[in-house]
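Per the working numbering, residue 6 is the first one in the sequence shown, and the count goes up by one each step.
Okay, structure first, notes after.
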Amino acid sequence: TDMVYQVTHSITPPFRFNEFFEAMNKYGYKVRTVEDKVWRNALTEHALKSQDTVLFPLLHIQTDHLPGTTSSPEMRDTNTQRVMVCKPGFEATPRMSTELVGTYLAYMVKTGFLPRPAVQGDDDVLTLPDLGTRV
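Below is the structure:
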């Protein structure tokens with residue numbers, strides 16, 4: 006298929022961060038999960054030490070704007086759905102899945118944002134999809 010990859014914000018149905026991290030592990034990225042408070046403290050410490058980090062813009066999300074009973078901000082994909090339904094061939098935003106995470110990771114590798122996973126070729130590790138030349 007002749008497809009141009011675009012970034013969409015897909016949260017329908019809800020996909021938890023831990024599910025995203027599990028999918029990354031399935032593709033060979035070694036991602037360790039920690040308690041939210043531990044992560045938030047490490048993020049705050051790192052962002053305050055080096056304000057030029059790409060994590061700095063996330064600092065306010067994790068420290069200022071959280072509803073009282075949750076550990077992550079409320080997100081909606083309303084704008085993405087509005088754009089997607091205007092595109093021929095799209096009826097709704099793609100469902101988040103391990104396979105879609107693989108596509109995202111492959112895109113980030115192809116554009117140089119991420120290195121290839123350290124673990125490859127193992128029977129338990131999924132292979133990143135081939136995006137072809139249209140990136």
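All C-beta atoms, glycine included, are put in the ideal place defined by N, C-alpha and C.
Here the structure is a predicted model, which is why all the values come from computation and not from measurement.
Going by C-alpha to C-alpha distance, which of 104, 50 and 87 sits closest to residue 26?
Here residue 26 refers to the residue found at position 21 of the sequence shown. The residue with the shortest Cα to Cα distance from residue 26 is 104.
Thinking C-alpha only, which one of 135, 131, 41 and 136 is nearest residue 32?
Numbered from its first residue, the sequence shown carries residue 32 at position 27. When only C-alpha atoms are compared, the closest one is 131.
CA-CA distance, residue 91 and residue 84?
Reading the sequence shown from its first residue, position 86 is the one you call residue 91. Reading the sequence shown from its first residue, position 79 is the one you call residue 84. Going from the Cα of residue 91 to the Cα of residue 84 covers about 11 Å.
State the Cα-Cα distance for the pair residue 61 and residue 43, rounded to the nearest angstrom.
As a first step, residue 61 is located in the sequence shown; it is residue number 56 there, counting from the start. As a first step, residue 43 is located in the sequence shown; it is residue number 38 there, counting from the start. When rounded, the distance between both Cα atoms is 17 Å.
Among residues of its own chain, excluding the 5 on either side of residue 38, which ones have a beta-carbon nearer than 7 Å to its beta-carbon?
For this step, residue 38 is matched to residue 33 along the sequence shown. Once the five neighbours on either side are set aside, the close Cβ partners of residue 38 are 23 and 26.
CA-to-CA distance, residue 93 to residue 143, given in whole angstroms
Nothing in the structure corresponds to residue 143, since the chain is present only between 6 and 140.
Please give me, in chain order, every unbroken run of the alpha helix (DSSP H) with length at least 4 that falls completely inside the stretch 20-44.
22-31
Around the C-beta of residue 101, are 16 or more other C-beta atoms found within 10 angstroms, so that it is buried, or is it exposed?
The residue given as residue 101 occupies position 96 in the sequence shown. Residue 101 should be labelled buried.
If you measure between the beta carbons of residue 133 and residue 110, is that distance less than 7 Å?
Within the sequence shown, residue 133 is the residue found at index 128, counting from 1. Within the sequence shown, residue 110 is the residue found at index 105, counting from 1. Yes, the pair counts as a contact, with Cβ atoms nearer than the cut-off.
N- and C-terminal bounds of the alpha helix (DSSP H) containing residue 117
For this step, residue 117 is matched to residue 112 along the sequence shown. Here residue 117 belongs to no alpha helix (DSSP H), and DSSP marks it neither H nor E.
Are the Cβ atoms of residue 28 and residue 88 separated by less than 7 Å?
The sequence position of residue 28 within the sequence shown is 23, counting from 1. The sequence position of residue 88 within the sequence shown is 83, counting from 1. The answer is no: Cβ separation not under 7 Å.
Evaluate residue 120 with the Cβ neighbour count: other Cβ atoms within 10 Å of its Cβ, from every protein chain shown; 16 or more gives buried, anything less gives exposed.
In the sequence shown, the residue the question calls residue 120 occupies position 115. Its Cβ having fewer than 16 others within 10 Å, residue 120 is exposed.
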